[in-house]
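This report concerns only the one structure given below.
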Amino acid sequence: MLVSGRLHILRHTFCLRLAMRGVQVMAIKELAGHASLSTTMRYMHLSPCAKRDAILMLDAPLPERKVGNSLATGREEAAKE
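Numbering (the numbering used here), first residue to last: 235 to 315.
Structure, rendered in structure tokens:
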């Protein structure tokens, strides 16, 4: 039982560290060998620091916007063709 518990902690740490480095969830799922995304999600919990960092991103300046329409819509793309 001790080995099984340690393997769970190892898998949890593996998934969590990848997620905290911005790796896509589907890539983590594949790397962990999980059959379903719901299994992967059980291993992933954000740390309090990660939650704080996400909130602090709201204070970061937004990227410069170009003059004119900054958001293309499907209609605009179709009109170009």
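Ideal placement from N, C-alpha and C gives every residue a C-beta, glycine not left out.
Compute the distance between the beta-carbons of residue i and residue j, then report whether it is under 8 Å.
| i | j | result |
| --- | --- | --- |
| Y277 | L296 | no |
So the alpha helix (DSSP H) residue i belongs to, where does it begin and stop?
| i | result |
| --- | --- |
| E264 | 259-266 |
| P282 | 282-290 |
| L271 | 271-277 |
When we look at the beta-carbon of residue i and count the other beta-carbons within 10 Å, is it buried (16 or more) or exposed?
| i | result |
| --- | --- |
| A253 | buried |
Taking the alpha-carbon of residue i as reference, which of the options has the nearest alpha-carbon?
| i | options | result |
| --- | --- | --- |
| F248 | H279, S270, S272 | H279 |
| S272 | R245, V259, E298 | V259 |
| H242 | T274, A269, P282 | T274 |
| G256 | A269, A284, A294 | A284 |
| H268 | K300, R240, R245, S281 | R245 |
Does any CB atom of chain D fall closer than 8 Å to the CB of residue i?
| i | result |
| --- | --- |
| R251 | In summary, chain D is missing from the structure at hand, where a single protein chain is found. |
(request) May I ask you to verify whether the stretch 284-295 touches the stretch 255-265, counting CB pairs closer than 8 Å and requiring at least 3? (result) no
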